[in-house]
Amino acid sequence: MNTGETVPPADYYTVGDPVADEKAPSGPIEERWDARRFNAKLVNPANRRKLSVIIIGTGLAGSSAAATLGEAGYQVTTFCYQDSPRRAHSIAAQGGINAAKNYRNDGDSIHRLFYDTVKGGDFRSRESNVYRLAQLSVDIIDQCVAQGIPFAREYGGLLDNRSFGGVQVSRTFYARGQTGQQLLLGAYQALERQVTAGTVQVYSRHEMLDVITVDGRARGVVVRDMTTGQIETHFADAVVLASGGYSNVFFLSTNAMGCNVTATWRAHRKGALFANPCFTQIHPTCIPASGGHQSKLTLMSESLRNDGRIWVPKKRGEDRDPRDIPEQDRDYYLERRYPAFGNLVPRDVASRAAKIVCDQSHGVGPGGFGVYLDLTDAIERTGRPAVEAKYGNLFDIYQQITDEDPYRVPMRIYPAMHYTMGGLWVDYDLQSTIAGLFVIGEANFSDHGANRLGASALMQGLADGYFVLPNTISDYLAAGPFEKLDASHPAAQDAVQAVRDRIDTLLSINGERTVDSFHKELGSILWDHCGMERTKEGLTHALHRVRALKSEFWQGVKVTGTNEELNQTLECAGRVADFFELGELMCIDALHREESCGAHFRAESQTAEGEALRDDDRFAYVAAWEFCGDAGTPVLRKEHLEYDYVEMKQRSYT
């Protein structure tokens, strides 16, 4: 059991052998995906019925993958910790999904979506993966329209589009402010069709606690029935993780409270490399925290920046009602600093700019941690009904939370932890460094680099689930079916015993502090030192504090109840224990990367104008970390990035 013993500073990590994506095809970039699909081995329909796949998570990536693999004839078992697949956090996505359809005839194309995504990720993503994502974007929209997703439409009948941060075209398809919900319902319908057909079995209220590996292959999982506490083993020919991101390591985030890192972290401890853990995205349009009582934050969609203008008072400490502040006393700082993109700069740029003006005492609201997002001009220009049609539910959410009418008074927003670009390392086939363990959606690191452009999360989740994984997992499964396993196998028994020992340890500590108190303190440390702005001194301090707090957790946490019941305190304790280990690695990853890149802003590495300053000579690589045991230090394995179709240069949005 890891109790958090500290190690000398010189032993933060060691450097190991490089890691390479051996599945990535060569040749012209626009032909690589077709080439990989053609060269991948196939499984004939009769043999698919003999093959089984486990999928962890039923969000957009997991549900779409399960539905597609079930339709193809594989035997699929899915697990989710929610009471229904429809409760997956994908449902919370508001603003839209990108696709290079160019319905607006405004210069968009597959290549431009590819370019914007690579540039927005600050040149820390793979060209091949991003180009594939751009190619598949057009198919995703056709798939979703065929399912009946109620996308907004223009008067002439074409699907409507709007803009998102980091681009100068309108390519974001949307269903009012409920895009994630509508897309998830579409994937859920497809999933349930396969449940009825008998190809997919769904286990709700089950949480994965370990991966079962046999001879270096992922062959099953250990799960806990969250209503009874029963520890179960399930086996398959391949395992797919679609378990989402880890922003809840910061405690306060826009993620649902149940979101966690346990599935991917347990796989990491079994040998899957974890890539770029410190690349965590801060979303610029979140309702500011109102006090220490909050357990999560609420997002206002980035789509609001399409019509809204962001500003702060020019006067420091301004206390007038925003409606009483005349134009000449307002600083539309994004429009001033980035005239070409204005309020639609990428999320990392907008978030950092908001922090700067608030640090300079121009912020508004309690504590001065807020800026105004003002849609007054849009309401006057298009009329209130038009704004309601686009954003009505978002305005309702804001009013319910703040008791302020955003149609009359500008919204107050502030950056908050949101998406995570880091995740398990995967190759072009989406397979991790454990054979047979595939990772899709936000759970992998592959497509977004150091900063995700808005409206690209839904795109990646559905691309992975509907189109990529079903075409690549066959290359692995063609060698199956593999040896049949059951709970008597030594590897399964060892995994179950490790899970039981961990649960028993958590229940036996009987300390004085609650799980939440540890989680809040961990989140505060990471937000202060591994959040929007980082320094070598702060990260070193944070690393030691996290390790000390982890040691205190394993000695002083109080977990009430027993395992053999519905025990949410026990669930949270296990997740927070994994967050401690992840938090350590995040600090180490951030400490070693001595550059500012996308959402990773190192104060020691900035231009004279205060913009992020990358160091491509030293850090143009994916940082893939290998777990070396509780007593060891992580090993850094680098995947060097090469750019043949996009010129690496400092990002400019002016």
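Residue numbers (my numbering): 1294 to 1947.
Note that CB positions come from ideal geometry on N, CA and C, so glycine has one too.
Problem - Beta-carbon contacts of Tyr-1938 that lie in its chain and below 7 Å, excluding the five residues immediately before and after - result: For the purposes of this step, residue 1938 is taken as the residue at position 645 of the sequence shown. Within the same chain, Tyr-1938 has close Cβ partners Ile-1322, Glu-1420.
Exercise for the section: With DSSP as the reference, label Pro-1708 as helix, strand or coil. Expected result: Numbered from its first residue, the sequence shown carries residue 1708 at position 415. Residue state, collapsed to three classes: strand.
Problem - Alpha-carbon to alpha-carbon, Thr-1465 and Arg-1380 - result: Indexing the sequence shown from 1 puts residue 1380 at position 87. Indexing the sequence shown from 1 puts residue 1465 at position 172. Distance between the alpha carbons of Arg-1380 and Thr-1465 is about 24 Å.
Practice task
Helix, strand or coil for Ser-1905, going by three-state DSSP, please let me know.
Solution key: By one-based count along the sequence shown, residue 1905 stands at place 612. As written in the sequence, residue 1905 is Ala, which differs from the Ser given in the question. In this structure, Ala-1905 counts as strand in the three-state DSSP scheme.
Handout entry: N-terminal and C-terminal residue of the beta strand (DSSP E) that Cys-1579 is part of
Key = The residue given as residue 1579 occupies position 286 in the sequence shown. Cys-1579 -> beta strand (DSSP E) spans 1573-1579.
Problem - Three-state secondary structure (DSSP) of Asp-1728 - result: Counting from one through the sequence shown, the residue named residue 1728 turns up at place 435. Before going on, a small fix: residue 1728 reads as Ala here, not Asp. Three-state DSSP puts Ala-1728 in a strand.
Problem - Residue span of the beta strand (DSSP E) that contains Ala-1385, given as start and end - result: On the sequence shown, position 92 is the one that residue 1385 refers to. Ala-1385 -> no beta strand (DSSP E), and no H or E assigned at all.
Handout entry: Ile-1672: first and last residue of the uninterrupted alpha helix (DSSP H) it sits in
Key = Along the sequence shown, one-based indexing puts residue 1672 at 379. Per DSSP, Ile-1672 belongs to the alpha helix (DSSP H) from 1669-1675.
Practice task
Using DSSP bridges, identify the partner residues of Met-1501.
Solution key: Along the sequence shown, read from residue 1 onward, the residue named residue 1501 stands at position 208. Answer is Val-1516.
Problem - Exposed unless 16 or more other CB atoms sit within 10 angstroms - verdict on Glu-1902 - result: Numbered from its first residue, the sequence shown carries residue 1902 at position 609. It is exposed - the Cβ of Glu-1902 has fewer than 16 other Cβ atoms within 10 Å.
Handout entry: Burial state of Ala-1313 (16 or more Cβ within 10 Å)
Key = Here residue 1313 refers to the residue found at position 20 of the sequence shown. When all chains shown are included, Ala-1313 counts as exposed.
Handout entry: Three or more C-beta pairs below 8 Å linking the region 1887-1906 and the region 1852-1867
Key = no
Handout entry: Distance between beta carbons of Val-1346 and Asp-1530, contact taken as under 8 Å
Key = Working through the sequence shown from its first residue, we reach residue 1530 at position 237. Working through the sequence shown from its first residue, we reach residue 1346 at position 53. With 8 Å as the limit, Asp-1530 and Val-1346 qualify as a contact, their Cβ atoms being about 7 Å apart.
Exercise for the section: Within 10 angstroms of the Cβ of Val-1308, are there 16 or more other Cβ atoms? Answer buried if so, exposed if not. Expected result: Within the sequence shown, numbered from 1, the residue matching residue 1308 stands at position 15. Val-1308 is exposed by the Cβ-count criterion.
Problem - Closest Cα partner of Ala-1785 within the set Arg-1469, Arg-1512, Asn-1422, Glu-1324 - result: Residue numbering aside, residue 1785 sits at position 492 when the sequence shown is read from its first letter. Nearest option by C-alpha distance: Arg-1512.
Practice task
State the Cα-Cα distance for the pair Thr-1855 and His-1499, rounded to the nearest angstrom.
Solution key: Working through the sequence shown from its first residue, we reach residue 1855 at position 562. Working through the sequence shown from its first residue, we reach residue 1499 at position 206. One C-alpha to the other measures close to 17 Å.
Exercise for the section: Report the option in Gln-1474, Glu-1611, Thr-1526, Gly-1350 whose CA atom is closest to the CA atom of Ser-1497. Expected result: Here residue 1497 is taken as the residue at index 204 of the sequence shown, counted from 1. Closest by alpha carbon: Gly-1350.
Exercise for the section: Evaluate Pro-1581 with the Cβ neighbour count: other Cβ atoms within 10 Å of its Cβ, from every protein chain shown; 16 or more gives buried, anything less gives exposed. Expected result: Here residue 1581 is taken as the residue at index 288 of the sequence shown, counted from 1. When all chains shown are included, Pro-1581 counts as buried.
Exercise for the section: Have a look at Gly-1635 and Glu-1628 and give me their C-alpha separation to the nearest angstrom. Expected result: Within the sequence shown, numbered from 1, the residue matching residue 1635 stands at position 342. Within the sequence shown, numbered from 1, the residue matching residue 1628 stands at position 335. When rounded, the distance between both Cα atoms is 4 Å.
Practice task
Taking only the alpha-carbon atoms, compute the straight-line gap between Leu-1859 and Ile-1706 and give it to the nearest angstrom.
Solution key: Indexing the sequence shown from 1 puts residue 1859 at position 566. Indexing the sequence shown from 1 puts residue 1706 at position 413. If you take the alpha carbons of Leu-1859 and Ile-1706, they lie about 37 Å apart.
Handout entry: Run of the alpha helix (DSSP H) containing Trp-1847, from where it starts to where it stops
Key = As a working mapping, residue 1847 is identified with position 554 in the sequence shown. Segment 1829-1849, the alpha helix (DSSP H) holding Trp-1847.
Practice task
Go through its chain and collect everything with a Cβ distance to Leu-1353's Cβ below 7 Å, but skip five positions before and after it.
Solution key: Residue numbering aside, residue 1353 sits at position 60 when the sequence shown is read from its first letter. Once the five neighbours on either side are set aside, the close Cβ partners of Leu-1353 are Ser-1383, Leu-1476, Leu-1477, Ala-1480, Gly-1734, Leu-1751, Gly-1754, Leu-1755, Gly-1758.
Exercise for the section: May I ask you to verify whether the region 1355-1368 touches the region 1386-1403, counting CB pairs closer than 8 Å and requiring at least 3? Expected result: no
Problem - Beta-carbon proximity list for Phe-1407, same chain, < 7 Å, skipping 5 on both sides - result: Residue mapping note: residue 1407 aligns to position 114 of the sequence shown, counting from 1. Same-chain partners within the cutoff: Val-1423, Tyr-1424, Ala-1427.
Exercise for the section: Spell out a yes or no on whether the region 1541-1551 and the region 1758-1770 are touching, meaning 3 or more CB-CB pairs, one atom from each, closer than 8 Å. Expected result: no
Practice task
If I'm right that Pro-1927 touches Tyr-1306 with Cβ under 8 Å, what's the distance once you round it to whole angstroms?
Solution key: For the purposes of this step, residue 1927 is taken as the residue at position 634 of the sequence shown. For the purposes of this step, residue 1306 is taken as the residue at position 13 of the sequence shown. Yes, they are in contact, since the Cβ atoms of Pro-1927 and Tyr-1306 sit about 5 Å apart, within 8 Å.
Practice task
Just grab the DSSP bridge partners of Thr-1526 for me.
Solution key: For the purposes of this step, residue 1526 is identified with residue 233 of the sequence shown, where counting begins at 1. BP columns for Thr-1526 point to Val-1515.
Handout entry: Asp-1740 beta carbon less than 7 Å from that of Lys-1960
Key = This structure does not reach residue 1960, given that the chain is present from 1294 up to 1947, and the question cannot be answered.
Exercise for the section: Let me know the secondary structure DSSP gives Arg-1623 once reduced to three states. Expected result: As a position in the sequence shown, residue 1623 is number 330, starting the count at 1. Looking at Arg-1623 - three-state DSSP - the assignment turns out to be strand.
Problem - Residues of its chain near Thr-1299, where Cβ-Cβ distance is below 6 Å and the 5 sequence neighbours each way are ignored - result: Against the sequence shown, residue 1299 aligns to sequence position 6. Residue placement at Thr-1299 cannot be trusted, given a pLDDT of 42 that sits under 50; the coordinates are not used to answer.
Exercise for the section: With a cut-off of 8 Å on the beta carbons, I'd call Phe-1572 and Ala-1743 a contact; round off their distance for me. Expected result: The sequence position of residue 1572 within the sequence shown is 279, counting from 1. The sequence position of residue 1743 within the sequence shown is 450, counting from 1. That belief holds up - the Cβ atoms of Phe-1572 and Ala-1743 are roughly 5 Å apart, short of 8 Å.
Practice task
Could you tell me the distance, in whole angstroms, from the CA atom of Glu-1620 to the CA atom of Ile-1694?
Solution key: Walking along the sequence shown from the start, residue 1620 turns up at place 327. Walking along the sequence shown from the start, residue 1694 turns up at place 401. So the two alpha carbons sit approximately 28 Å from each other.
Handout entry: Three-way DSSP call (helix, strand, coil) for Glu-1324 in this model
Key = Within the sequence shown, residue 1324 is the residue found at index 31, counting from 1. In the structure shown, Glu-1324 sits in a helix (DSSP, three-state: H, G or I).
Exercise for the section: Apply the 10 Å Cβ neighbour rule to His-1527 and answer buried if 16 or more other Cβ atoms are within range, or exposed otherwise. Expected result: Sequence index remark: in the sequence shown, residue 1527 carries index 234 (1-based). Classification for His-1527: buried.
Practice task
Quick one: using the 10 Å Cβ neighbour count with 16 as the cut-off for buried, is Ser-1596 buried or exposed?
Solution key: Residue mapping note: residue 1596 aligns to position 303 of the sequence shown, counting from 1. Looking at its Cβ environment, which holds 16 or more other Cβ atoms inside 10 Å, Ser-1596 is buried.
Problem - Host beta strand (DSSP E) of Trp-1718 (start-end) - result: Here residue 1718 corresponds to residue number 425 of the sequence shown, with the count starting at 1. Here Trp-1718 belongs to no beta strand (DSSP E), and DSSP marks it neither H nor E.
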